[in-house]
Each structure stands twice: as structure tokens, then as C-alpha cells.
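Participant: Okay, here's the structure, questions in a sec.
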Amino acid sequence: MDKKNLSIKNLLLGKPLKSNELGKEKLNRIWGVPIMASDAVSSVAYAIEEILMVLVPVLGMVSINYLGIVTMPIIFLLLVLAFSYSQIIDHYPNGGGAYIVSSENIGKKTSLVAASALIIDYIMTVAVSLSSATSAFLAAFPQIAEYRVIIALLCLCFITIINLRGISESSKVFGIPTYGFIIIMGIMILTGLTKIIFGKLPPINYGNMDFPTQGNTDFFLSFLLLKAFSSGCSALTGIEAVSNAVPSFKEPSQRTAKDVLYILVGIIVFIFGGSVLLAVNLRVVPVTGSTIISQMGAAVFGNGILFYILQFATSFILLLAANTAYNGLPTLLAILAEDRYLPMQFSQRGTKLSFSNGIMFIFGAAGFLLVVFNADTHHMIPLYSVGVFLSFTLSQVGMVIKWRKIKGQGWKHKCFTNSFGAVMTFIGMIIVLWTKFTGGAWMLIIAIPMLTLIMSKIKKHYDLIAEQLKVDDFVDHYHKSKSLDKNLCIVLVNSMSRSLLKSLNYANSLTSNVIALHVSTDSDRTEYLKEKWEDFEIDIPLEVLDAPYRDIIPPLEAYIEKEESKLKPGQDISVVIIKFIEIHWYDNILHNQTTYFIQRKLSNYRNVATIIVPYLYKVK
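In my numbering, each residue carries its 1-based index in the sequence shown increased by 10.
What follows is the structure, encoded as C-alpha cells:
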């Protein structure tokens, strides 16, 4: 059964990778650009549409005249953010983006707000992108529109499996379609503008379609433009992903990340700006059953092969936009887990060296949203933008504080730029919250504090356990074996702690033949354990097994099988495992998963007894 499951797993995910192969899995510039660009570049596929969907129902065809007014501030803000995030890459090479910047410069509580906003942003990125991809696909095949949610979920499954196969493989699978979208969009923009210049591409004729006419006060018009601006700011999403995922780039990682960021910004400005120019000249407006991009493609290419290439490329890029979150969010979750704000499982790499638990978290959360919101982009956009702007604002404020602390060459210029960015993004956040509040943005006012509270509680729990496990007087409480029994007893060791002390004392009460066994998945942690073992002068030998694939079960089984083969009739092996006794049912999420799997696996051995030593922590 296990071998069958293993073969299925290998079939889906491919051959496992060793820990020392991590360098091969990192992104270079060629593949880093499409992976990180997919979210930001894909935003143009729906950002223009979101702007016009605000304006057209009120202003009708006059809306086209205001499209440039709305998009210019967005592009300007994009450039400011690009500069800011390039500075963040320089000073924070370990990734984490707004969370790390806020944590170091503003405070831990504020950093959790930034982390919560980023988590929501990334999950919404996946849900919105897949919904938009589904809409683009259904624009070409409207006869299967009733299967919208199923199609979106199938796309989610596909992108999740590819990401579980590792960064290197996913970058190649997703990189080519991304470049394809950039190229076909470039061809459409250049061809369309050339035809317009030479008078060969007239505006789109909507026939007898009834559009409203402008008849509103200046105040209402200003409000409408602000609302359109807030919708169009979806084009800014994805710019932060590069700074969040700096460790995912090949060395020199900072230089590579900055180059990718600059190329990304250039592509966005060209595609977004060019698409707006084309939309204005074609006087394109949203209509039922057809996206803005598809209408412009039909006008420029006709109904030929290039139009269908554009549609499929748009669907793919919107699908792949979700991939940016699959690269950024698992890294952020791993950083939060290392800081003890999330379950430690998020910091563990899977068989393909990806943070697989973070990937599965995205799968579950995004799948839930797709079902709840019926894979409808417009219903999710309000939840999408607030988190983005909140993380933008906090990162900008954090950098301002940093410049004022460290000063240095050109710090006033940098401080001014980040201050301006902070003001702009804060205003953007207020506008989005104000204009989208009744549309669903109010939910974020509840969701962000809830996430912040949950992470604070997890941190408090882990700190409580760490304090109780801390051991300074090991020797005073360590009891050497006085038993005459010679049966082998193996004590599984993870770290130096009071729970380990309890396990060793118990093992020494059973037999004089005790071995401490540590399965190494992290060389630094192993070296620290060896040092502490020598410092405390423990008389039990410490044996270390290497787990190159980060799965402790196979090397443990091999060791047990070797020792079991040495047994004489009547002899057996005892394996001592520590287990935390949970005070609350939800504490089990934070502990004991490894204990459970080891216990289940060792129960298959005839001459091996598994002994669970409970450790009950105190609640303060």
C-alpha cells in the first residue's frame, strides 16, 4: 500500500530532491521574469475592464475620455513602488517584504497586520486570477458557461500540482505561456496603434446599444473617478512579490531580484499604457460575454488565428498570475513559522524543496473562495485591493523610519520618495475602502484583525512551550542508568529540552543500553544539538542519521531494521518518543504530527515497542 502511494506521489510530483540541490531550484533572470511577472502583467487583462465597468454605466461612451486621467496616476504610483521595493530588496535579502520591513522598523504588532494583509492579498490573487482566466476562456466558449466554478477549480488543481513539483519545473511550465502573452500583447498593441496612425483601424461600432450620457455634478464625477482609480489599482498587484521571494533567486539573489523587478516594471508600463492607448482610440467599452482584451483583439486581428492565440494566452496568463502567489506566499508563511507566528509545519520543505504545506494552504483557501463567490471576479475585487494597499503603505512607512535611523548617503531623497509613496498608497487604501466598503471590503476589517489575533495567540503558545522546555540545569536533573537490563532502548531526539531530559531519564530506568538518535533535516540545528550534548556531558551516545530528502521516516526505518536484525531470541527494541499533551483541541495543529506518523510506522515491526512519554505543559 505504501509503495503504491509512493509511486502515485512520484508520478504526480516527480523524483524527490535532496536538500543540497536547493541551489538548482532557484530562479534566474530568464525564468524569474515570467514567474514574478505573471500576476502584475495579467492585471492589465482586467484592470482596464474594472475601470470602465465603474465609469460606463454612469457616463456611457464619455468614459473613454477619462480613461487616461485614471490610469496615469496608477502608472506613476507603480514607478514609486518599484523604487521602494528595489530598496527593500537591497536591505532585506531574506525576503518577507512588508512583514519584515514593518517588524524591524515599526513594531511586531504592526508587522502582523502587514503579514495578514499580504496573506489575504496572495490568496485573493489566486482566486481573482483563476476567476478572470475562466472568464477569458468562456468568452471564446460561452456554451459551457454553466461550468464556471468547475473549470476554475480544475485550473486550481493543475497549478497546485505543478508548483508541488518544484520551482525549477514550474518556472519552465509557466514561463513559456507568460512570454507568449507578453509577445502577443506587444504584437496587438504595436499593430493596433500602427493601424490607427495610418487610419486603417476605426473605433468599434456598438450599433444600437443604449449607453447613458453624462449628466452629473463635478462632485459626483470626482467620486466616480476615485472609484474607478480604486478598481484600476488592481494593476499594481504583484509588484511586491519580488521582494517577498528574494531567497528564491539565484545568487547574487539581490541583484537578480532587482533586475527582475526592473524588467517587470518596464513590461507593465508598456502593456498597461499601450492597452490604454489602444482602448481609448478604439473607444472600447465592456459588454456582456466579451472582455475588453478580446474586443481589442477582434478589432486588431479579426477572427483569425491571432485572435484565438490572444484569447488562450490571456486565459493562461490569468491562470499563471496565481503562480506568483504560489511563489511568494509559501515563503512568507515559512518566515512567519520560523518566527513562531504560524504552525512550524509551514517552514518545512517538501519532497521537491518547495514549501508544500504553504502551497496546500493556498489550494484550500482559494478553492473555498472560488466556490463561495461562484468564481466571479467582480465580487472578489473589493477584498483584493485593500490588503494590497495596506501592505504597500506599511512597507513605505517602515522604510521612511529606517532611512531616518540609519541616514547615510542620499537618505533624504530616499526618505522623501518613500514618504510620498506612503501618502499615495494610504490615500489609495482609503479610497478603495471607501468606495468598495459596501461591496465587500468591510469583511477585511474583520479578517485582518482576526488573522493578527490568531498569529499572536500562536506566538504566545510557542513562546510558553519554549520557556517551559528550556533547560539550564540538565546535569542536576539527569539520572544515570542503574538498570541491569541490556535490551536496546532508542530515544528519538529533536532538540535539547526538558522533554528530552524526561525521555532520557525514563529510558535509563528501563535499561543500561540506551542510544539517543537524531535524524538530521537541518545541519545547523544538528551541529547546535551536538554542541549542547557535549556541554552537558551526557553519557548516552548520540547517533545522527542524515535525511537528505527531509523525510525522517525512511532513515529511521533503515536504522530500526538494521538493529532488529541483530536481535537474539527473546530480545526486543524500545523506541521512546515524546508527545505533547494538548490543553486545547486546536493545540494539536501545532504539535505531534511527526510523533503520530512515527508511531504508526513503527507499529508494523514485530520486535519493536513504541513508548510514548507524555509532556504536559502549564497554562499561564
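Idealized CB from N, CA, C, for every residue including glycine.
Quick caveat: nothing in here was measured; it's all calculated off a predicted structure.
#1: What does DSSP give as the partner residue(s) for P624 in the beta ladder?
#2: Which same chain residues end up closer than 8 Å to D12 when comparing Cβ atoms and leaving out the 5 residues on each side of it in sequence?
#3: Consult DSSP for H528 and reduce its assignment to one of helix, strand or coil.
#4: Can you name the start and end residues of the beta strand (DSSP E) that C499 belongs to?
#5: So what's S300 in DSSP terms, helix, strand or just coil?
#6: Which residues in the same chain as V485 place their Cβ atom closer than 8 Å to its Cβ, once the five residues preceding and following it in sequence are excluded?
#7: Return the bridge partner residues of D556 from the DSSP annotation.
#8: Considering only C-alpha positions, which residue in the set D100, L400, L539 is nearest to V433?
#9: Which residue or residues does DSSP assign as beta-bridge partners of I583?
#10: Please classify F371 as buried or exposed, where buried requires at least 16 other C-beta atoms within 10 Å of its C-beta.
#11: Excluding the five sequence neighbours on either side, which residues of its own chain have a C-beta within less than 8 Å of the C-beta of Y351, listed in chain order?
#12: Please report the straight-line C-alpha distance between G438 and I79, rounded to a whole angstrom.
#13: If you draw a straight line from the alpha carbon of L3 to that of I160, how long is it in whole angstroms?
#14: Following the continuous alpha helix (DSSP H) through V290, name the residue where it begins and the one where it ends.
#15: V396 to S73, Cα distance in whole Å?
#16: Compute the beta-carbon to beta-carbon distance between T605 and V90, rounded to the nearest angstrom, for a pair I have assumed lies under 8 Å.
#17: Quick one: is E250 buried, meaning 16 or more other Cβ sit within 10 Å of its Cβ, or exposed?
#18: Quick one: what's got a C-beta closer than 7 Å to T403's C-beta in the same chain, skipping five residues either side?
#19: With DSSP as the reference, label L634 as helix, strand or coil.
#20: Grouping DSSP H, G and I as helix and E and B as strand, with all else coil, what is L211?
#21: Opposite L37 in the DSSP bridges: which residues?
#22: Between which two residues does the alpha helix (DSSP H) holding M370 run?
#23: Spell out a yes or no on whether the stretch 130-145 and the stretch 323-333 are touching, meaning 3 or more CB-CB pairs, one atom from each, closer than 8 Å.
#24: Measure the C-alpha to C-alpha separation of L495 and V524 and round it to an integer number of angstroms.
#25: Could you tell me if K14 is buried or exposed, where buried requires 16 or more neighbouring beta carbons within 10 angstroms of its beta carbon?
#26: Return the CA-CA distance between G312 and I456, expressed in angstroms with no decimal places.
#27: In whole angstroms, give me the CA-to-CA distance for S132 and A308.
#28: Among the residues of its own chain, which have a CB less than 6 Å from the CB of T120, if the five just before and after it don't count?
#29: Could you check what DSSP says for F233 in three-state terms: helix, strand or coil?
#30: In the stretch 413-462, which residue ranges form an unbroken alpha helix (DSSP H) of at least 4 residues, counting only runs that do not cross its ends?
#31: Quick check on this structure: which residue in L393, I186, Q581 has the alpha carbon closest to the alpha carbon of L128?
#32: I'd like to know whether the C-beta of G283 is nearer than 9 Å to at least one C-beta of chain C.
#33: Can you tell which of P262, F151, F280 has its C-alpha closest to the C-alpha of M198?
#34: Could you give the DSSP three-state label for E634: helix, strand or coil?
#35: Alpha helix (DSSP H) containing K572: first to last residue?
Facilitator: In brief:
#1: Here residue 624 is taken as the residue at index 614 of the sequence shown, counted from 1. Listed as beta-bridge partners of P624 by DSSP are K589.
#2: Working through the sequence shown from its first residue, we reach residue 12 at position 2. For D12, the predicted model reports a pLDDT of 47, less than 50, meaning its position is unreliable and no value from the coordinates is stated.
#3: For this step, residue 528 is matched to residue 518 along the sequence shown. Correct three-state label for H528: strand.
#4: The residue given as residue 499 occupies position 489 in the sequence shown. Looking at the DSSP string, the run of the beta strand (DSSP E) that includes C499 is 498-502.
#5: Here residue 300 corresponds to residue number 290 of the sequence shown, with the count starting at 1. DSSP, read as helix, strand or coil, puts S300 in strand.
#6: Numbered from 1 along the sequence shown, position 475 holds the residue referred to as residue 485. Once the five neighbours on either side are set aside, the close Cβ partners of V485 are F546, E547.
#7: Along the sequence shown, read from residue 1 onward, the residue named residue 556 stands at position 546. Paired residues: S530.
#8: In the sequence shown, residue 433 corresponds to position 423, counting from 1. If we check each option's Cα against that of V433, L400 comes out closest.
#9: Translated into positions along the sequence shown, residue 583 becomes position 573. According to DSSP, which records beta bridges pairwise, I583 is partnered with L498, V618.
#10: What you label residue 371 is simply residue 361 of the sequence shown in a count that begins at 1. Counting other Cβ atoms within 10 Å of its Cβ, F371 reaches 16 or more and is therefore classed as buried.
#11: Numbered from its first residue, the sequence shown carries residue 351 at position 341. The answer, listed in chain order, is L122, A125, M465, S466, I468, K469.
#12: Locating residue 438 in the sequence shown gives position 428, counting from the first residue. Locating residue 79 in the sequence shown gives position 69, counting from the first residue. Put simply, the backbone Cα of G438 is about 15 Å away from that of I79.
#13: Shown here, the chain extends from 11 to 630; a query on residue 3 therefore has no answer.
#14: As a working note, residue 290 is residue 280 in the sequence shown. First-last of the alpha helix (DSSP H) with V290: 263-292.
#15: In the sequence shown, the residue the question calls residue 396 occupies position 386. In the sequence shown, the residue the question calls residue 73 occupies position 63. Across the structure, V396 and S73 are spaced so that their CA atoms are roughly 24 Å apart.
#16: In the sequence shown, counting from the first residue as 1, residue 605 sits at position 595. In the sequence shown, counting from the first residue as 1, residue 90 sits at position 80. That pair is no contact at about 50 Å.
#17: For the purposes of this step, residue 250 is taken as residue 240 along the sequence shown, with counting starting at 1. Buried.
#18: In the sequence shown, residue 403 corresponds to position 393, counting from 1. Cβ neighbours of T403 beyond the five flanking positions: A432, T435, F436, M439.
#19: Residue 634 falls outside the range modelled here, since the chain spans only 11 to 630, and no answer is possible.
#20: Your numbering for residue 211 matches position 201 in the sequence shown. L211 falls in the coil class under three-state DSSP.
#21: Here residue 37 refers to the residue found at position 27 of the sequence shown. Answer is F259, bridged to L37.
#22: As a position in the sequence shown, residue 370 is number 360, starting the count at 1. Segment 366-382, the alpha helix (DSSP H) holding M370.
#23: Short answer: they touch.
#24: To locate residue 495, count along the sequence shown from 1; it is residue 485. To locate residue 524, count along the sequence shown from 1; it is residue 514. Leu is not the amino acid found at residue 495; the sequence shown has Asp there. D495 and V524: Cα-Cα distance of roughly 10 Å.
#25: What you label residue 14 is simply residue 4 of the sequence shown in a count that begins at 1. Because the pLDDT of K14 is 45, which lies under 50, any placement of that residue in the model is unreliable, and the question is left without a value.
#26: The sequence position of residue 312 within the sequence shown is 302, counting from 1. The sequence position of residue 456 within the sequence shown is 446, counting from 1. In a straight line, the C-alpha of G312 is about 47 Å away from that of I456.
#27: Mapped onto the sequence shown, residue 132 falls at position 122. Mapped onto the sequence shown, residue 308 falls at position 298. Looking at the sequence shown, residue 132 is not Ser but Tyr. The alpha-carbon atoms of Y132 and A308 are separated by roughly 32 Å.
#28: In the sequence shown, the residue the question calls residue 120 occupies position 110. Taken in chain order, the residues that qualify are S112.
#29: Taking the sequence shown and counting its residues from 1, the one referred to as residue 233 is at position 223. Note: F233 maps to helix in three-state DSSP.
#30: Complete alpha helix (DSSP H) runs here, min 4: 421-446.
#31: On the sequence shown, position 118 is the one that residue 128 refers to. Of the listed residues, the one whose Cα sits closest to L128 is L393.
#32: Within the model displayed, chain C is absent; a lone protein chain is all it includes.
#33: On the sequence shown, residue 198 is found 188 positions in, with the first residue counted as 1. Taking M198 as reference, the option from P262, F151, F280 with the minimal CA-CA separation is F280.
#34: For the chain, the structure presents residues 11 to 630; residue 634 sits outside this window and is missing.
#35: Residue numbering aside, residue 572 sits at position 562 when the sequence shown is read from its first letter. DSSP places K572 inside the alpha helix (DSSP H), whose first and last residues are 563-574.
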